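Below is one structure, written out as structure tokens, with a few remarks after it.
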Amino acid sequence: MTMAEDTSIDICLNINASPPKREDARKAKELKRKLDGTSPVEPAIASKRQRPSVREKTAEENIDSKPQGWISSLFVNNPDIPAFAHRVVKPVLEPVFSSQSFKDLSIHPFTVSNLDQNLGLQKLTTVQHKAMPVILSGKDALVRSQTGSGKTLAFALPIVEALQAVRPKISRADGVQAVVVVPTRELALQTYEWFVKLVKPFTWIVPGYLVGGEKRKAEKARLRKGITVLIGTPGRLLDHVQHTKSLQFDKVGWLVVDEADRLFDMGYEKDVASLIEALDSQQRGSRQTVLLSATLSSAVERLAGLTLKSPVFVDAAGDESLANDMVIPESLTQFYVLTPAKLRLVTLSAFIIWKCNMSSQRKMLIFCATQDMVDFHTELLALVLGESDQVDFEFFKLHGSMTQQERTDVFKTFRAADSGVLLCTDVAARGLDLPHVDWIVQFTAPSTVEDYVHRVGRTARVGTAGAALLFLTPSEVPFIRQLEDRRIRLQEQTMDVCLKKLRDAHSGPSVEATATGLQARFETAVLEQTRLHDLACKAYVSWVRFYASYRKDARTAFNFKQVHLGHYAKSFALRDPPSAIGGIGRQQWQRNRARTPRDKKRSNSGLEQGYSTATHLVTSEFSSGLESVRKKRRKGKL
Ligand SMILES: Nc1ncnc2c1ncn2[C@@H]1O[C@H](COP(=O)(O)OP(=O)(O)OP(=O)(O)O)[C@@H](O)[C@H]1O
């Protein structure tokens, strides 16, 4: 039997298993009563109806028993896991700390004592050691340094230092003196908090931030009161430049573009250019400009060429690296796990249970490709693992379509928490400084090697230990070679070891039975809960769209033609055939199958229609909430 045949059987057995719609719940209950013990029914429906709900089962029953009337083929007809011949890779070394102390710098003694006593910082990191003197001297700079190496302080300290020295003292009424542009709201908040800490001895310097998602009126009021150091996302900053009279850039002496590569990846090149144009046209004096990034893209270099005057290039890695090489923190251990598509969900769960139960202080970030994936997996994992698997930690989620309040709350709560699992999109990939994150899991592979570097950079910050795990299917193995070509070295973590840990955690009879039992619980939950089923469908469709949109140069590793949609549907705990989920392959489906009244009802229900529209699907994090701001602005609503 071919793999495709196997899947079709797996799928067809469960084709009638779509959950009843909420409004039909009463009718379904009635029908259930009639059916129970009286009418002969189809096995798939019977097993679903007769099975108790997820909450009613004990952990052991759920984990270790297969549901009746349902055949799972989790371990059958999977592609072989290839043995990968690793190349010898010599990672680029970039020492995190320099030997220089802050007290050796010619800066205000209050700054030194503030750093020491309030922030616990004594020694400069390498990038600070190299960049601070350049920035303090007033020169333009392009700064590249590994993730988590202290780039924020590298530019923030010289700005505060220069501002505190201005006499007569600057007042709020003097307007904006420095502008810091960052790609995301969380990063704006984080950078703002840095400035707040740094200006503690210099109360006349007032930092402030502007981000999308907050009331514009409140922001305008803050601007009117006066802000000395203005931090913001490009869309919102530009919006205020165009619509808020009290925001004047005539006195701006510093412009910082942080995470410059990310800004361009997110499509903000035009906004950043317009912002710089606005600064150029309004500004009366001279301006110092600093661009920072952990990786250097051609877009960053282009912007550097356009905006920096006789810049100094500060590269913390030194001379031994080539432009194409990536720098990974030395204290980061990197793994990959090769998993057939069908086993992705149980392997992820096994890994979470294994690592998070090892210690009461364990924080993990799980990167997913799309917002819909984040929504679905957070809910599913919290429900199924949270109820049965002794997981003693919370699941959080973060993506760009959450409200500003939700995003801020999650960011702050997760940052302060001792343990937890945060599922996120790439909105969390760059710049975020979340202390004590032990594991970075990439459940869907990144689009580029640069994205890989930024994602793993959320751990192992400033010399602390951290680890990262990249999920790949057998056909995606070429990505490991792409990483090796950029001097990134990964070790294999086998799926078998992860699944054995799951078996051990549940004292299951065998690895296969335990994994199959867990998969069954996921599928049952999705089958029985309309909301979860809808989330699963959305997530699956968004993932398909994401996968089909990998850039051409990434397709050696991420080739949509290699994808077995049926196997992937299983990894979303869906028993529906791919062609019946959200219109994927619908034309083919329609050709192959005479449509029944039930199908028509289903497609008219809006389920398929909704998922088929590109506008409904937010497949990528590059819509981190700011697009809506821009869209609204165009409509003149903002
Ligand atoms: N001199 C220092 N000594 C010890 N810790 C420091 C020092 N400077 C900064 N840090 C800490 O390093 C962490 C990372 O700093 P920061 O977020 O600025 O890094 P980054 O280089 O901008 O990272 P990314 O590229 O991921 O944005 C922060 O928690 C910060 O408190």
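For the sequence shown, the UniProt record's numbering begins at 1 and goes up steadily by one.
All C-beta atoms in this analysis are idealised placements derived from N, C-alpha and C, irrespective of residue type, glycine included.
Please read these numbers as outputs of a predicted model, since none were measured by experiment.
Subject >> C-alpha gap between R430 and Q529, whole angstroms >> reply: Distance from the CA atom of R430 to the CA atom of Q529, rounded to whole angstroms, is 35 Å.
Subject >> Own chain residues within Cβ distance below 6 Å of L499, not counting five before or after >> reply: Around L499, the same chain offers A350, V511 and A515 as residues with beta carbons nearer than 6 Å, after the five sequence neighbours per side are excluded.
Original post:
Exposed or buried, which one is E259 when buried takes at least 16 other CB atoms within 10 Å?
Top reply: So E259 counts as buried.
**OP:** Please name the residue in R185, P201 and L163 whose C-alpha comes closest to that of Q178.
**Re:** The sequence shown places Ala at residue 178, not Gln. For the residues R185, P201 and L163, the minimum Cα distance to A178 belongs to L163.
**OP:** Give the secondary structure of R302 by DSSP, where H, G and I count as helix, E and B as strand, and everything else as coil.
**Re:** Reduced to three states, the DSSP call for R302 is helix.
**OP:** Output the distance between the C-alpha atoms of V421 and A165, rounded to the nearest integer angstrom.
**Re:** One Cα belongs to V421, the other to A165, and the distance between them is close to 44 Å.
Subject >> CA nearest to the CA of L348, picked from M364, Q334 and D104 >> reply: Nearest C-alpha to L348: M364.
Subject >> Three-state secondary structure (DSSP) of V427 >> reply: Assignment of V427 by DSSP, reduced to helix, strand and coil, places it in the helix class.
**OP:** Give me the Cα-Cα distance between G150 and T244, rounded to the nearest whole angstrom.
**Re:** In a straight line, the C-alpha of G150 is about 33 Å away from that of T244.
Subject >> 8 Å contact criterion, which T459 and I440 should meet: CB distance rounded >> reply: Between T459 and I440, the beta carbon gap of about 5 Å places them in contact (Cβ cut-off 8 Å).
Subject >> Secondary structure of E492, DSSP reduced to three states >> reply: Note: E492 maps to strand in three-state DSSP.
Subject >> S101 to I581 span [Cα, whole Å] >> reply: The straight-line gap from Cα to Cα measures roughly 59 Å.
**OP:** Report the option in P329, S281, D261 and V92 whose CA atom is closest to the CA atom of R302.
**Re:** The option with the nearest alpha carbon to R302 is D261.
Original post:
How do the region 298-314 and the region 126-136 stand: do at least 3 beta-carbon pairs fall below 8 Å, yes or no?
Top reply: Short answer: they touch.
**OP:** Classify residue 666 as helix, strand or coil using the three-state DSSP reduction.
**Re:** Only positions 1 to 638 of the chain appear in this structure, which leaves residue 666 out of reach.
**OP:** Would you decide whether K309 is buried or exposed? Buried here means 16 or more other CB atoms lie within 10 Å of its CB.
**Re:** Exposed is the call here.
Original post:
Should V206 be listed as close to ligand 1, given that the test is whether its C-beta is under 7 Å from any heavy atom?
Top reply: Every heavy atom of ligand 1 is 7 Å or more from the Cβ of V206, so no.
**OP:** Put P79 into one of helix, strand or coil per three-state DSSP.
**Re:** Correct three-state label for P79: coil.
**OP:** Tell me, please, which residues DSSP counts as bridged to D315.
**Re:** Its beta-bridge partners are R144.
Subject >> Sheet register partners of A178 (DSSP bridge) >> reply: Bridge partners of A178: V229 and W254.
Subject >> Bridge partners - P207, DSSP secondary structure assignment >> reply: Its beta-bridge partners are V229.
Original post:
Which residues bound the beta strand (DSSP E) around Y336?
Top reply: Following the DSSP letters along the chain, one finds Y336 inside the beta strand (DSSP E) bounded by residues L332 to L338.
Original post:
Just to confirm, are M266 and P133 a CB contact at a threshold of 8 Å?
Top reply: No.
**OP:** Using only the heavy atoms of ligand 1, determine whether one of them is closer than 7 Å to the beta carbon of T152.
**Re:** For ligand 1, at least one heavy atom lies less than 7 Å from the Cβ of T152.
Original post:
Thinking C-beta only, is T295 closer than 8 Å to V427?
Top reply: No, these two residues do not count as a Cβ contact at 8 Å.
Subject >> For D24, the three-state DSSP class (helix, strand or coil) >> reply: Interpretation of D24 is limited by its pLDDT of 41, a score under 50 that renders its predicted location unreliable; the figure taken from the coordinates is listed afterwards. Helix.
**OP:** Could you check the C-alpha separation between P79 and S579 for me, to the nearest Å?
**Re:** Each residue's alpha carbon lies about 22 Å from the other.
Original post:
Does the Cβ of T147 lie closer than 7 Å to at least one heavy atom of ligand 1?
Top reply: Within the cutoff, so yes.
Subject >> the region 538-547 contacting the region 405-421, beta-carbon criterion three pairs below 8 Å >> reply: The count of Cβ pairs closer than 8 Å, one atom from the region 538-547 and one from the region 405-421, stays below three, leaving the stretches out of contact.
Original post:
Which residues bound the beta strand (DSSP E) around F396?
Top reply: Note, F396: beta strand (DSSP E), F395 to L398.
**OP:** Could you check which residue in D576, K397 and K200 has the C-alpha nearest to that of V526?
**Re:** Of the listed residues, the one whose Cα sits closest to V526 is D576.
Original post:
In or out: K342 buried (at least 16 other Cβ within 10 Å) or exposed?
Top reply: In summary, K342 is buried, with 16 or more beta-carbon neighbours lying within 10 Å of its beta-carbon over all protein chains present.
**OP:** Count the other CB atoms, across all protein chains shown, that sit within 10 Å of the CB of V257; report buried if there are 16 or more and exposed otherwise.
**Re:** If you draw a 10 Å sphere on the C-beta of V257, you find 16 or more other C-beta atoms in it, and that means buried.
Original post:
Per DSSP, S101 forms a beta bridge with which residues?
Top reply: Note: S101 sits in a beta bridge opposite K123.
Subject >> Helix, strand or coil at I135 [DSSP, three-state] >> reply: In this structure, DSSP gives I135 a helical state, which the three-state scheme calls helix.
Original post:
For the alpha helix (DSSP H) that contains S571, what are its first and last residues?
Top reply: S571 -> alpha helix (DSSP H) spans L565 to S571.
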